[in-house]
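Right, one structure below, let's go through it.
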Amino acid sequence: MENLPALLQEGLRHGLLGSSLENIESLLAAHPESYERSSIAELASSGNWEELNNRFFRTLAFGTGGLRGKTIGTVVTTAERGIPQAMERPQFPCTGTNAMNDRNVSRATQGLVAYVKDWARREKLPHRPRICISYDTRYFSREFADLAAKVITELGCDALVFAEPRPTPELSFAVRQTDATAGINLTASHNPSAYNGYKVYFNDGGQVIEPHASGIIARVNAVPSPHYEPVPRGEQGRRVTLGTEMDESYLDRLERVVLDPALVAREKGLKIVYSPLHGVGASIIMPLLRRLGFDATAVPEQVVPDSRFPTVKSPNPEYAEALTMALELADEIGADVVMATDPDDDRMGVAVRNRAGRMELLTGNQIGSMLAYYRASRMFELGILDETNKSRGVIIKTFVTTDLQKAVAEHFGLRCVETLTGFKYNAAKLRQYEEAIPEALRADYRRLPEEETRRLRLAHSMLLVMGGEESYGYTLSDFARDKDANAAVAAFAEVVAYARSRGMTAMEYLDEIFATLGVYLERGESLVFEGAEGAGQIAKLAASYVGKPPDEMDGAAVVKMENFAVDTIHDTEGERIPAEGMIIFTLADGRRCAVRPSGTEPKIKYYIFGLEKPPGRKMTAEEVAAARGRVQASVDRLWDWLHADALRRGAA
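Be aware that the sequence shown starts at 51, since it is given in our numbering, and climbs by one per residue.
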């Protein structure tokens, strides 16, 4: 299109941003593919400046967790649609500097390889650097994985690639098992189907943190082009396939997450309905549940991998709607519990049958608290923990996760460590605990049986009782250093089996925890702002809480404000918390709320906490029910106030 430059200049008068024009011109000057040039021309010719802005207003930033963005535009151009593909996929990914596409995957991988090779030289690594790659069932995940492997091998590292889509936590496990230098996972977790992402892990199996994060970001930002010159053929790496042998090793460790196999064996009548929500979870979870002896049924329509996620509005197990089909099947077959995992199988949602026979959804905070209480109490009953070593037991949670888990730790004499949101911080703690074991004793730590690593941790370091976050992510051991829905499914099935063995429902077990420690209820809400304009609205709203913090909320005075971006805050182990754009307000009546922009989605998030403690004794069932009502009402009122206040701030 010969007049494209003039048309783009004219677009500046009709809404095209200057930054968008600059990035478009940069791409057009860098030998674009024909479909890229044609897509830009089509959008410009139709005057769709909003779509061009969303695609080009910035270059997709390689952040501390990697990349995440749209791989399919809101408007799909004729050139991108190309030859019809399976599952309605366009032939080519979204054109744009602010999109998940081949250009950004190549740049990210080049930067990662450069950093890994430098690190390997400094550390005098005895072998060529190895990078594990996994991918989920999303559009272009496999293609991006193949592209990353090509870049890795042609630039002189080995690429260890899963033969089929596999869970995020299994990548973390594989990095550790293969002694890889880094890992890449192509996934956008539970985001809508148009999105994809690129998550980076380092040699401990955790997502990258400092100093690696800044080092990798700097190397990625220094990459001038998606094009590169391969190293000489004799210096190139190999592509190695990871197959069923990795699944078997992982499944073996997952089985050991169960604390009381004899109890599980006695409760084989427990019926479970499971859904992977069209993702990768069934590849591990169904074999795992059957090995453990549970009566498990998968939702047939949702066990089929499908990038469109056609049976749900959102493939997010946090939302009740995503569990609709599983709940219907549970009622049909009389199941006791429903569990669902998101497409990359790191988050788990749960519904349980109550005494009246109805299924009730649990929040992420409630699931985590039940896991924490059960595992702590049973570790004492089974002799894993006792008065001599309980100080080495630890519960790890985020600052925006319920304080009920802190109360569990205090009740049993355990340590509770709080981290920023993101399981990379959980993983960093696990790395520190592993490194506290004498080097001579941890030479082959990653491949030791669970019971032996548990003994080493209790003797020399810290034993993880449970790690979790309110957004339905949990870890139960340290063989995988990311949230692990596979381990969570096995562990929560054991919790339900335990309640059943005592003649209780899971909800009654939760109420028993409330009766002992207090009623803790939470509410999470988000305000969504899409695109280039939305990013500015989120930044403006977040800044307003710093510039004009509220003196009171819902009639209660604000008695404390913690600004994690500027305040010096330490965890219970004395470690300084990294700066983050989050504020926590504490009110005079004990309620709290946290406000933070999401790091991965176009949202600003609100976390609201309420509680009522027991009156110096264990509460009765009637008292728990009454306290639930009061606390829930107070939490709901606080959200109503926050929502109205946010609208006022946005309009100011």
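For glycine and all other residues, C-beta sits at the position ideal for the given N, C-alpha and C.
Start and end residues, alpha helix (DSSP H) containing residue i
{"i": "L309", "result": "Counting along the chain, L309 falls outside any alpha helix (DSSP H), and DSSP gives it neither H nor E."}
{"i": "I334", "result": "A332 to L342"}
{"i": "N415", "result": "G414 to E431"}
{"i": "G586", "result": "G581 to G597"}
{"i": "E383", "result": "With the sequence shown as reference, residue 383 is identified as Ile, and Glu is not the correct amino acid for it. T374 to I383 is the span of the alpha helix (DSSP H), which, as asked, contains I383."}
{"i": "K474", "result": "F473 to E485"}
{"i": "T566", "result": "A556 to L567"}
{"i": "T618", "result": "Segment: none, T618 is in no alpha helix (DSSP H) and carries neither H nor E."}
{"i": "T525", "result": "Where T525 is concerned, there is no enclosing alpha helix (DSSP H), although the beta strand (DSSP E) it sits in stretches over G523 to T525."}
{"i": "N154", "result": "D152 to R172"}
{"i": "L454", "result": "L454 to F462"}
{"i": "I267", "result": "H262 to N271"}
Residue-chain proximity (residue i, chain D), Cβ-Cβ < 7 Å
{"i": "V362", "result": "Structure shown: chain D not included; a single protein chain is present."}
Beta-carbon proximity of residue i to residue j, cut-off 7 Å
{"i": "V685", "j": "L560", "result": "no"}
{"i": "A422", "j": "I446", "result": "no"}
{"i": "V307", "j": "L526", "result": "yes"}
{"i": "F579", "j": "P652", "result": "yes"}
{"i": "V201", "j": "T159", "result": "yes"}
{"i": "V330", "j": "D395", "result": "yes"}
{"i": "R442", "j": "M512", "result": "yes"}
{"i": "R316", "j": "T555", "result": "no"}
{"i": "P55", "j": "R153", "result": "no"}
{"i": "R531", "j": "G116", "result": "no"}
{"i": "V270", "j": "F112", "result": "yes"}
{"i": "V569", "j": "V681", "result": "yes"}
{"i": "A638", "j": "A607", "result": "yes"}
Rounded straight-line distance, which links the Cα of residue j to that of residue i
{"i": "T228", "j": "G284", "result": "23 Å"}
{"i": "M375", "j": "T413", "result": "19 Å"}
{"i": "A615", "j": "L338", "result": "42 Å"}
{"i": "R496", "j": "D254", "result": "10 Å"}
{"i": "Y483", "j": "S89", "result": "51 Å"}
{"i": "G265", "j": "A549", "result": "48 Å"}
{"i": "M632", "j": "A312", "result": "44 Å"}
{"i": "P280", "j": "E204", "result": "5 Å"}
{"i": "L435", "j": "C466", "result": "16 Å"}
{"i": "I424", "j": "E575", "result": "Strictly speaking, residue 424 in this sequence is Tyr, with Ile absent from that position. The alpha-carbon atoms of Y424 and E575 are separated by roughly 28 Å."}
{"i": "L342", "j": "A537", "result": "12 Å"}
{"i": "Y524", "j": "D453", "result": "16 Å"}
{"i": "Y251", "j": "H262", "result": "10 Å"}
{"i": "P143", "j": "E351", "result": "27 Å"}
{"i": "D621", "j": "Y475", "result": "12 Å"}
{"i": "P647", "j": "G553", "result": "43 Å"}
{"i": "L236", "j": "A195", "result": "7 Å"}
{"i": "F449", "j": "S419", "result": "14 Å"}
{"i": "M336", "j": "I658", "result": "35 Å"}
{"i": "Y189", "j": "G384", "result": "35 Å"}
{"i": "T128", "j": "R87", "result": "12 Å"}
{"i": "A370", "j": "L464", "result": "33 Å"}
{"i": "R157", "j": "S243", "result": "23 Å"}
{"i": "T391", "j": "H328", "result": "9 Å"}
{"i": "T347", "j": "V674", "result": "34 Å"}
{"i": "L93", "j": "L57", "result": "11 Å"}
{"i": "S325", "j": "V388", "result": "8 Å"}
{"i": "A332", "j": "S521", "result": "21 Å"}
Identified DSSP bridge partners for residue i
{"i": "E602", "result": "A607"}
{"i": "K321", "result": "D345"}
{"i": "D436", "result": "D436 is not bridged to any residue."}
{"i": "P647", "result": "I654"}
{"i": "K447", "result": "E468 and G518"}
{"i": "V211", "result": "I183 and T291"}
{"i": "V578", "result": "K653"}
{"i": "M409", "result": "R403"}
{"i": "Y278", "result": "Beta-bridge pairing links Y278 to no other residue."}
{"i": "G147", "result": "Just to set this straight, residue 147 is Thr in the shown sequence, not Gly. Looking at the DSSP assignment, T147 forms no beta bridge with any residue, so it has no partner."}
{"i": "Y570", "result": "L661"}
{"i": "T636", "result": "K610 and R642"}
{"i": "G329", "result": "The partner list for G329 (beta bridge, DSSP) is empty, contrary to what the question assumes."}
Start and end residues, beta strand (DSSP E) containing residue i
{"i": "R397", "result": "No beta strand (DSSP E) contains R397, which DSSP labels as neither H nor E."}
{"i": "Y245", "result": "Y245 to F252"}
{"i": "A390", "result": "V387 to T391"}
{"i": "K120", "result": "G116 to K120"}
{"i": "A543", "result": "Careful: A543 lies outside any beta strand (DSSP E), inside the alpha helix (DSSP H) at A535 to S551."}
{"i": "T128", "result": "Per DSSP, T128 belongs to no beta strand (DSSP E); it is in the alpha helix (DSSP H), T128 to R131."}
Those runs of the alpha helix (DSSP H) which lie wholly inside the stretch 64 to 103 and span at least 4 residues: 68 to 78 and 84 to 95
Any alpha helix (DSSP H) of 4 or more consecutive residues that is wholly inside the stretch 195 to 240: Complete alpha helix (DSSP H) runs here, min 4: 218 to 227.
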